[in-house]
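In mature numbering (1 follows the signal peptide of the UniProt record, and there is no 0), the protein residues as written are -17 to -1, 1 to 224.
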């Protein structure tokens, strides 16, 4: 009977747990439509009800979204990871304490800031330090950058360096995984809008397919840990459609 009671308690904890997920980025996160597609994957996996997207932004930019979609995110058009890492991320994650942070950043650093791969990866390190200061057990997904139509060499340099960077910075307590949205993974110019920077519908599908499975894995990991500990992940107010 005691075992049954403990099992029921674990199930109840899992059912009530809310995993806080921050989708962090620039305009490729804010004004494109892959976030609702990821939500559809969470729904199909049966875990959307356990997920709280967090962030200070909630715009849809004309994207269609499924019923119940959590609009909150931390995508900021035109922003560079150099500035976010030094001026913004600490406050954002301290306010929300995300269990998981997924980010695609660096395109604006290349195109606007004219920064190199070393600078961008240095900013990534500041990001993960702030994230872990807010939650030492945070799980992190870093996206390889989608290409630009002009095949920028710095974008490719960041993507090439990323696996080694992740290997150096991942930990058991706070693992880092890659969502591969790169040209090498199959993202083509046909998946870009006419501006040569932002994904079109095909590109949104590609990003969602890269991000969604890894996000589901990490969400299930957090839910499993929550059940084992009796359900310490709290429910927060969420903005739904």
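We put the CB at the ideal spot given by N, CA and C, even for glycine. As the structure is a prediction and not an experimental result, all values here were calculated from the model.
Here residue 46 has 15, 16, 18 and 19 as same chain residues with Cβ atoms under 8 Å from its own Cβ, once five neighbours each way along the sequence are excluded.
Looking only at 125, 37 and 54, the smallest Cα-Cα distance to residue 44 is reached by 54. For residue 148, same chain residues with a beta-carbon under 6 Å away, outside a window of 5 residues either side, are 104 in chain order. One alpha carbon belongs to residue 96, the other to residue 136, and they sit about 15 Å apart. The residues 76, 77 and 80, in chain order, have a CB closer than 6 Å to that of residue 117 in the same chain once the five nearest residues on each side in sequence are set aside. A straight line joining the alpha-carbon of residue 12 with that of residue 210 spans about 31 Å.
The C-alpha of residue 154 lies about 34 Å from the C-alpha of residue 175.
Relative to residue 56, the option among -1, 156, 5 and 109 whose CA is nearest is 5. Just measuring C-alpha positions, the residue of 28, 34, 59 and 25 sitting nearest residue 41 is 59. Between the alpha carbons of residue 123 and residue 64 lies a distance of about 15 Å.
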